[in-house]
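Residue numbers (UniProt numbering): 1 to 258.
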(Lines of atoms letter the chains of each structure in order from A; the text may use other names.)
(Lines give C-alpha, C1' and ligand atoms only; values in the text may rest on other atoms or scores of the structure.)
Protein backbone atom coordinates (compact mmCIF):
# COMPACT_ATOMS: atom_id res chain seq x y z
CA UNK A 1 0.00 0.00 0.00
CA UNK A 2 1.02 3.59 -0.55
CA UNK A 3 1.08 5.83 2.54
CA UNK A 4 1.91 9.53 2.35
CA UNK A 5 2.92 11.09 5.67
CA UNK A 6 2.79 14.86 6.13
CA UNK A 7 2.19 17.49 8.79
CA UNK A 8 3.08 17.70 12.48
CA UNK A 9 1.28 16.81 15.67
CA UNK A 10 -0.74 13.79 16.89
CA UNK A 11 -0.97 10.95 14.38
CA UNK A 12 -4.10 10.66 12.23
CA UNK A 13 -4.72 7.89 9.67
CA UNK A 14 -7.16 8.70 6.83
CA UNK A 15 -8.76 5.85 4.85
CA UNK A 16 -10.69 6.60 1.65
CA UNK A 17 -13.80 5.01 0.17
CA UNK A 18 -14.54 2.63 -2.69
CA UNK A 19 -12.85 3.38 -6.05
CA UNK A 20 -11.14 6.50 -4.67
CA UNK A 21 -7.71 7.24 -3.18
CA UNK A 22 -6.30 9.49 -0.47
CA UNK A 23 -6.21 12.49 -2.81
CA UNK A 24 -9.92 12.87 -2.21
CA UNK A 25 -9.02 14.16 1.28
CA UNK A 26 -6.84 17.02 -0.01
CA UNK A 27 -9.12 19.85 1.14
CA UNK A 28 -9.38 18.30 4.60
CA UNK A 29 -5.66 17.50 4.71
CA UNK A 30 -4.78 21.12 4.00
CA UNK A 31 -6.79 22.13 7.07
CA UNK A 32 -5.29 19.45 9.34
CA UNK A 33 -1.62 19.19 8.36
CA UNK A 34 -0.52 22.07 10.58
CA UNK A 35 -1.94 20.29 13.64
CA UNK A 36 -1.63 16.56 12.93
CA UNK A 37 0.82 14.11 11.41
CA UNK A 38 -1.36 12.73 8.63
CA UNK A 39 -0.97 9.23 7.24
CA UNK A 40 -2.84 9.30 3.92
CA UNK A 41 -3.43 5.75 2.72
CA UNK A 42 -4.08 4.50 -0.81
CA UNK A 43 -5.75 1.14 -0.25
CA UNK A 44 -4.62 -1.87 -2.32
CA UNK A 45 -5.61 -1.54 -5.96
CA UNK A 46 -6.39 2.17 -5.59
CA UNK A 47 -4.36 5.26 -6.52
CA UNK A 48 -0.64 4.87 -5.93
CA UNK A 49 -1.37 1.52 -4.29
CA UNK A 50 -2.72 0.09 -7.52
CA UNK A 51 0.03 -2.55 -7.79
CA UNK A 52 -0.09 -3.61 -4.15
CA UNK A 53 -0.22 -7.37 -3.60
CA UNK A 54 -2.16 -7.01 -0.35
CA UNK A 55 -5.71 -8.39 -0.82
CA UNK A 56 -8.52 -5.86 -0.35
CA UNK A 57 -9.89 -7.67 2.69
CA UNK A 58 -10.25 -6.56 6.29
CA UNK A 59 -7.58 -8.62 8.01
CA UNK A 60 -4.67 -8.36 5.53
CA UNK A 61 -5.18 -4.61 5.01
CA UNK A 62 -5.34 -3.86 8.72
CA UNK A 63 -2.36 -6.09 9.45
CA UNK A 64 -0.29 -4.29 6.83
CA UNK A 65 -1.36 -0.84 8.04
CA UNK A 66 -0.69 -1.49 11.72
CA UNK A 67 2.82 -2.61 10.81
CA UNK A 68 3.52 0.72 9.10
CA UNK A 69 1.78 3.48 11.07
CA UNK A 70 2.15 4.46 14.73
CA UNK A 71 -0.67 4.39 17.26
CA UNK A 72 -3.11 7.00 15.97
CA UNK A 73 -6.61 8.31 15.54
CA UNK A 74 -8.01 6.32 12.63
CA UNK A 75 -10.63 8.01 10.44
CA UNK A 76 -12.34 5.95 7.75
CA UNK A 77 -14.74 7.23 5.11
CA UNK A 78 -17.37 4.86 3.68
CA UNK A 79 -15.50 1.64 2.76
CA UNK A 80 -12.51 2.97 4.68
CA UNK A 81 -14.65 2.94 7.80
CA UNK A 82 -14.83 -0.86 7.69
CA UNK A 83 -11.04 -1.11 7.83
CA UNK A 84 -10.82 1.48 10.62
CA UNK A 85 -13.52 -0.26 12.65
CA UNK A 86 -11.91 -3.67 12.17
CA UNK A 87 -8.56 -2.26 13.30
CA UNK A 88 -10.16 -0.71 16.40
CA UNK A 89 -11.86 -4.00 17.29
CA UNK A 90 -8.94 -6.34 16.66
CA UNK A 91 -5.93 -4.15 17.46
CA UNK A 92 -7.00 -1.61 20.09
CA UNK A 93 -3.36 -1.02 21.00
CA UNK A 94 -2.90 0.60 17.57
CA UNK A 95 -6.07 2.70 17.44
CA UNK A 96 -6.15 5.46 20.03
CA UNK A 97 -9.47 6.82 18.78
CA UNK A 98 -11.84 5.92 15.96
CA UNK A 99 -13.72 8.30 13.64
CA UNK A 100 -16.32 6.88 11.26
CA UNK A 101 -16.97 9.32 8.42
CA UNK A 102 -20.25 8.49 6.70
CA UNK A 103 -19.54 4.84 7.45
CA UNK A 104 -21.52 2.03 9.01
CA UNK A 105 -20.63 -1.38 10.48
CA UNK A 106 -23.03 -2.89 7.94
CA UNK A 107 -23.80 -1.19 4.63
CA UNK A 108 -26.62 -3.33 3.28
CA UNK A 109 -30.11 -3.93 4.55
CA UNK A 110 -31.04 -7.15 6.33
CA UNK A 111 -33.85 -8.58 8.40
CA UNK A 112 -32.37 -7.15 11.59
CA UNK A 113 -30.82 -4.06 9.97
CA UNK A 114 -33.39 -2.00 8.11
CA UNK A 115 -31.36 1.16 7.62
CA UNK A 116 -28.84 -0.14 5.11
CA UNK A 117 -28.83 0.08 1.33
CA UNK A 118 -30.76 -2.38 -0.78
CA UNK A 119 -28.78 -5.55 -1.64
CA UNK A 120 -30.22 -5.30 -5.15
CA UNK A 121 -28.42 -2.00 -5.66
CA UNK A 122 -25.08 -3.61 -4.85
CA UNK A 123 -25.81 -6.53 -7.14
CA UNK A 124 -26.65 -4.04 -9.87
CA UNK A 125 -23.30 -2.32 -9.37
CA UNK A 126 -21.51 -5.69 -9.52
CA UNK A 127 -23.25 -6.51 -12.80
CA UNK A 128 -22.49 -3.03 -14.11
CA UNK A 129 -18.78 -3.47 -13.39
CA UNK A 130 -18.69 -6.41 -15.77
CA UNK A 131 -20.65 -4.60 -18.49
CA UNK A 132 -19.43 -0.98 -18.30
CA UNK A 133 -17.29 -0.25 -15.28
CA UNK A 134 -16.80 3.44 -16.10
CA UNK A 135 -20.54 4.07 -16.26
CA UNK A 136 -20.96 2.12 -13.01
CA UNK A 137 -18.38 4.30 -11.27
CA UNK A 138 -20.20 7.37 -12.50
CA UNK A 139 -23.51 6.07 -11.13
CA UNK A 140 -21.89 5.46 -7.74
CA UNK A 141 -20.37 8.94 -7.71
CA UNK A 142 -23.78 10.42 -8.49
CA UNK A 143 -25.21 8.61 -5.46
CA UNK A 144 -22.36 9.89 -3.29
CA UNK A 145 -23.05 13.49 -4.29
CA UNK A 146 -26.85 13.27 -4.29
CA UNK A 147 -28.52 15.26 -1.52
CA UNK A 148 -25.64 17.61 -0.78
CA UNK A 149 -26.40 21.33 -0.96
CA UNK A 150 -23.43 21.57 -3.34
CA UNK A 151 -23.93 18.35 -5.27
CA UNK A 152 -22.49 19.68 -8.54
CA UNK A 153 -19.21 20.65 -6.89
CA UNK A 154 -19.04 17.36 -5.04
CA UNK A 155 -19.72 15.32 -8.16
CA UNK A 156 -17.17 17.28 -10.17
CA UNK A 157 -14.42 16.75 -7.58
CA UNK A 158 -15.19 13.05 -7.20
CA UNK A 159 -15.18 12.55 -10.97
CA UNK A 160 -11.84 14.33 -11.24
CA UNK A 161 -10.30 12.38 -8.35
CA UNK A 162 -11.38 8.88 -9.32
CA UNK A 163 -8.84 8.71 -12.19
CA UNK A 164 -6.36 11.32 -10.92
CA UNK A 165 -3.90 8.57 -9.93
CA UNK A 166 -4.68 6.14 -12.73
CA UNK A 167 -7.48 3.66 -13.19
CA UNK A 168 -8.38 1.53 -10.17
CA UNK A 169 -7.85 -2.17 -10.72
CA UNK A 170 -11.06 -3.77 -12.00
CA UNK A 171 -10.85 -6.89 -9.81
CA UNK A 172 -10.29 -4.70 -6.75
CA UNK A 173 -13.43 -2.70 -7.52
CA UNK A 174 -15.35 -5.97 -7.47
CA UNK A 175 -13.65 -7.00 -4.21
CA UNK A 176 -14.58 -3.67 -2.65
CA UNK A 177 -18.22 -3.98 -3.62
CA UNK A 178 -18.34 -7.50 -2.21
CA UNK A 179 -16.85 -6.25 1.05
CA UNK A 180 -19.44 -3.48 1.27
CA UNK A 181 -22.20 -5.98 0.58
CA UNK A 182 -21.14 -8.76 2.96
CA UNK A 183 -19.27 -7.21 5.89
CA UNK A 184 -21.14 -7.01 9.19
CA UNK A 185 -19.03 -5.60 12.02
CA UNK A 186 -21.89 -4.88 14.41
CA UNK A 187 -20.76 -7.57 16.90
CA UNK A 188 -17.56 -5.57 17.42
CA UNK A 189 -19.29 -2.36 18.51
CA UNK A 190 -19.78 -3.19 22.17
CA UNK A 191 -16.14 -4.27 22.48
CA UNK A 192 -14.69 -0.89 21.51
CA UNK A 193 -12.86 0.65 24.44
CA UNK A 194 -11.53 3.79 22.77
CA UNK A 195 -13.53 7.01 22.18
CA UNK A 196 -15.41 7.00 18.87
CA UNK A 197 -16.81 9.73 16.62
CA UNK A 198 -19.63 9.04 14.17
CA UNK A 199 -19.78 11.89 11.65
CA UNK A 200 -22.74 11.76 9.27
CA UNK A 201 -24.09 13.85 6.42
CA UNK A 202 -27.75 14.68 7.01
CA UNK A 203 -28.52 14.23 3.28
CA UNK A 204 -26.38 11.14 2.75
CA UNK A 205 -28.13 8.67 0.40
CA UNK A 206 -25.57 5.87 0.80
CA UNK A 207 -25.17 5.71 4.59
CA UNK A 208 -28.29 6.72 6.47
CA UNK A 209 -27.46 8.99 9.44
CA UNK A 210 -29.96 6.96 11.47
CA UNK A 211 -27.86 3.87 10.88
CA UNK A 212 -24.85 5.66 12.26
CA UNK A 213 -26.82 6.78 15.32
CA UNK A 214 -28.02 3.24 15.88
CA UNK A 215 -24.48 1.91 15.64
CA UNK A 216 -23.12 4.61 17.94
CA UNK A 217 -25.76 3.74 20.54
CA UNK A 218 -24.11 0.33 20.89
CA UNK A 219 -20.64 1.75 21.56
CA UNK A 220 -19.59 2.51 25.15
CA UNK A 221 -17.86 5.81 24.31
CA UNK A 222 -19.48 7.40 21.26
CA UNK A 223 -20.20 10.88 19.98
CA UNK A 224 -22.41 11.64 16.97
CA UNK A 225 -21.98 14.72 14.78
CA UNK A 226 -24.31 15.41 11.85
CA UNK A 227 -23.33 17.92 9.15
CA UNK A 228 -26.71 19.37 8.26
CA UNK A 229 -26.38 20.13 4.54
CA UNK A 230 -23.84 17.47 3.57
CA UNK A 231 -24.19 14.31 1.52
CA UNK A 232 -21.89 11.30 1.55
CA UNK A 233 -18.62 13.27 1.32
CA UNK A 234 -18.84 16.17 3.81
CA UNK A 235 -15.07 16.67 3.77
CA UNK A 236 -15.48 17.99 0.22
CA UNK A 237 -18.35 20.42 0.77
CA UNK A 238 -17.94 21.19 4.48
CA UNK A 239 -14.23 20.66 5.11
CA UNK A 240 -14.08 23.30 7.86
CA UNK A 241 -16.89 21.60 9.79
CA UNK A 242 -15.31 18.18 9.47
CA UNK A 243 -11.91 19.51 10.57
CA UNK A 244 -13.52 21.26 13.55
CA UNK A 245 -15.35 18.05 14.53
CA UNK A 246 -12.09 16.07 14.42
CA UNK A 247 -10.33 18.75 16.47
CA UNK A 248 -13.06 18.72 19.11
CA UNK A 249 -13.04 14.92 19.19
CA UNK A 250 -9.27 14.77 19.63
CA UNK A 251 -9.45 17.42 22.35
CA UNK A 252 -12.24 15.66 24.24
CA UNK A 253 -10.39 12.37 23.97
CA UNK A 254 -7.42 13.90 25.75
CA UNK A 255 -4.99 14.43 22.86
CA UNK A 256 -5.49 17.92 21.55
CA UNK A 257 -4.05 18.98 18.20
CA UNK A 258 -1.15 21.39 18.11
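Backbone N, C-alpha and C fix where the C-beta goes; we use that ideal spot for every residue, glycine too. Everything numeric in this text was worked out from a predicted model, so none of it was measured.
Practice prompt. Could you spell out where the alpha helix (DSSP H) holding residue 137 opens and where it closes?
Written response: 119-145
Discussion item. Within 10 Å of its beta-carbon, does residue 129 have 16 or more other beta-carbons around it, so buried, or fewer, so exposed?
Written reply: buried
Worksheet item: Between residue 55 and residue 44, is the Cβ-Cβ spacing less than 8 Å?
Response: yes
Worksheet item: Along the chain, where does the beta strand (DSSP E) that runs through residue 20 open and close?
Response: Where residue 20 is concerned, there is no enclosing beta strand (DSSP E), given that its DSSP letter is neither H nor E.
Discussion item. If you measure between the beta carbons of residue 38 and residue 5, is that distance less than 8 Å?
Written reply: yes
Worksheet item: Should residue 136 go down as buried or exposed, given a rule of 16 or more other Cβ atoms within 10 Å for buried?
Response: buried
Worksheet item: Which full runs of the alpha helix (DSSP H) of 4+ residues lie inside the stretch 148-217, going along the chain?
Response: 151-162, 170-182, 209-216
Worksheet item: Since residue 76 is in the alpha helix (DSSP H), which residue starts that stretch and which ends it?
Response: From DSSP, residue 76 is part of no alpha helix (DSSP H) but of the beta strand (DSSP E) over 72-77.
Practice prompt. Can you give me the Cβ contacts of residue 339 inside the same chain, cut-off strictly under 8 Å, excluding the 5 residues immediately before and after it?
Written response: An answer regarding residue 339 cannot be provided, because it is not within the stretch 1 to 258 covered by the chain.
Worksheet entry | Of the listed residues 170, 12, 77, 26, nearest to residue 68 (C-alpha basis) | 12
Fill in: Simplified DSSP state of residue 263, which is helix, strand or coil
Only positions 1 to 258 of the chain appear in the structure, and residue 263 is not among them; the question remains open.
Discussion item. For residue 229, which residues in the same chain have their Cβ closer than 6 Å to its Cβ, ignoring the five residues on either side in sequence?
Written reply: 149
Worksheet item: Cβ of residue 75 within 8 Å of Cβ of residue 246?
Response: yes
Practice prompt. Give every residue of the same chain whose Cβ lies closer than 6 Å to the Cβ of residue 259, excluding the five residues on either side of it in the sequence, and list them in chain order.
Written response: The chain is shown only over 1 to 258; residue 259 falls outside these bounds and no answer can be derived.
Worksheet item: Can you tell which of 99, 9, 216 has its C-alpha closest to the C-alpha of residue 16?
Response: 99
Fill in: Host alpha helix (DSSP H) of residue 243 (start-end)
239-252
Worksheet item: Is it true that the CB of residue 28 sits closer than 8 Å to the CB of residue 250?
Response: no
Worksheet item: Per DSSP, what kind of secondary structure is residue 223 in: helix, strand or coil?
Response: strand
Discussion item. Check whether the stretch 196-216 and the stretch 165-176 touch, using three or more Cβ-Cβ pairs below 8 Å as the test.
Written reply: no
Practice prompt. Would you mind giving the Cβ-Cβ distance between residue 116 and residue 211, rounded to the nearest angstrom? I have them listed as a contact below 8 Å.
Written response: 6 Å
Worksheet entry | Distance, residue 184 Cα to residue 231 Cα | 23 Å
Worksheet item: If you draw a straight line from the alpha carbon of residue 1 to that of residue 49, how long is it in whole angstroms?
Response: 5 Å
Worksheet item: Beta carbon of residue 227, beta carbon of residue 205: below 8 Å?
Response: no
Worksheet item: What are the boundary residues of the alpha helix (DSSP H) that includes residue 31?
Response: 26-32
Worksheet item: Quick one: is residue 192 buried, meaning 16 or more other Cβ sit within 10 Å of its Cβ, or exposed?
Response: buried
Discussion item. Using C-beta distances below 8 Å, list every residue in its chain close to residue 84, excluding the 5 sequence neighbours before and after it, in chain order.
Written reply: 13, 15, 74, 75, 76, 95, 98, 99, 100, 103
Item to complete: Express the C-alpha separation of residue 9 and residue 36 in angstroms, rounding to a whole number.
Response: 4 Å
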